[in-house]
Amino acid sequence: MSTRTYQRWAPEHWGEYEILDSGDGARLERFGELVLERPDPGAIWPRQLDVATWDRSNAHFEPTGKSTGYWIKHGAASERWKMRYQSKRLNLTFQLEMTKFKHVGIFPEQAENWEYIAENLGPKDRFLNLFAYTGGASIAARSTGAEVTHVDAIRQVVDWTRVNMELSGLDGIRWVVEDALKFAERERKRGNRYNGIVLDPPTWGLGPKGEKWRLEDQLINLCEAVAAIVEPGGFIIMNTYSGISPTALETLWSRLLPSASSEVGELCLTAKNGHSIPTGSLIRLKTKA
Ligand SMILES: C[S@@+](CC[C@H](N)C(=O)[O-])C[C@H]1O[C@@H](n2cnc3c(N)ncnc32)[C@H](O)[C@@H]1O
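Taking the numbering used here, I'd label the letters of the sequence shown as residues -3 to 285.
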């Protein structure tokens, strides 16, 4: 029987982002100059701060469906603003926006992965970000001097990443608006290899040509392609917000890359009061050199 311990990772270097409180199905968070309240069905505990504090937020998100809704601003909050992430290794600036999907263009817990990427990549290394969204991992990788390929199905989020790249004083990311599975399979056929690969596949999605992405049907194909295009001695980071457990991630990857070393666990955010909020499952693999 395996007695392996799982990790709990949480970013430690945020100055401009913090969780002020959470509970009763919501989070109260500060993103730079704005404090926002938004739903988080995973927050199954009671809140700690009083109603008056929650009501002082600059805006709250009102859901209308499973994944969409709208923001109600309390006063003159701007709908577009900037936030900086600074650590010993990284100095990144993001443009944020209140979107109808309850997100603001950043998954702050991912800063923990940005640090790993910055630590494990060097100039001229090749880095691939699949399902890359607004590109936190892409710009963290690019700031090490690595050659970065950023793949997402939506042109608008790729344009948004370009803004983040430029605000961070960087250039030269290769943009690919394509279905992530198609791209990874094509790279496999071409024999292209990467020293670092990040994948964050959603439960469902659409490629730019209407290709249906369904995690349950296509995850194995995607992971097989990724396993084939990682360089010996390279790393893979797989994050998921879709309810796959750390144990399942571990079993999946031990079948695909049995000789790789791995760390597996949960990615979290630590609130101001010290409580941890789980955000998803994470595995990091290093292949044999
Ligand atoms: C959960 S987000 C990833 C978040 C990202 N890892 C980050 O840290 O910012 C999922 C992304 O997958 C993209 N996507 C969905 N289906 C896709 C597909 N078939 N091919 C490529 N990208 C896809 C979406 O446009 C979205 O940007």
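Idealized CB from N, CA, C, for every residue including glycine.
Everything numeric in this text was worked out from a predicted model, so none of it was measured.
Requested in this report: Label H70 either buried or exposed according to how many other C-beta atoms from any shown protein chain fall within 10 Å of its C-beta, with 16 as the threshold for buried.
Outcome: Classification of H70: exposed, given that the 10 Å Cβ count is below 16.
Query raised in the report: Nearest-angstrom Cα distance between L166 and H9?
Result: Answer to the nearest angstrom: the Cα atoms are 21 Å apart.
Query raised in the report: Do you know offhand how far A285's Cα is from A137's?
Result: For A285 and A137, the distance between alpha carbons rounds to 20 Å.
Query - From Q106, A55 and R182, residue whose alpha carbon lies closest to that of G131 - result: Closest by C-alpha distance to G131, out of Q106, A55 and R182, is Q106.
Query raised in the report: Is any heavy atom of ligand 1 found at a distance shorter than 7 Å from the C-beta of Q91?
Result: No, the beta carbon of Q91 sits no closer than 7 Å to any heavy atom of ligand 1.
Query raised in the report: Taking K205 as the reference, which of K120, W249 and F179 has the closest Cα?
Result: The option with the nearest alpha carbon to K205 is F179.
Query raised in the report: Do R170 and V153 have their C-beta atoms within less than 8 Å of each other?
Result: No; because the gap between Cβ atoms is not below 8 Å, this pair is not in contact.
Report task. Please confirm whether L24 and E12 have their CB atoms less than 8 Å apart. Result -> 8 Å or more divides the Cβ of L24 from the Cβ of E12.
Query raised in the report: Is P197 helix, strand or coil by DSSP?
Result: P197: coil per DSSP, three-state reduction.
Query raised in the report: So what does DSSP say about V100, is it helix, strand or coil?
Result: It is coil, neither helix nor strand.
Requested in this report: Output the distance between the C-alpha atoms of D197 and L126, rounded to the nearest integer angstrom.
Outcome: The residue asked about is misnamed: residue 197 is Pro in this sequence, not Asp. About 8 Å.
Requested in this report: Tell me whether A72 is buried or exposed, calling it buried when 16 or more other Cβ atoms sit within 10 Å of its Cβ.
Outcome: Of the other Cβ atoms in all chains shown, fewer than 16 fall within 10 Å of the Cβ of A72; this residue is therefore exposed.
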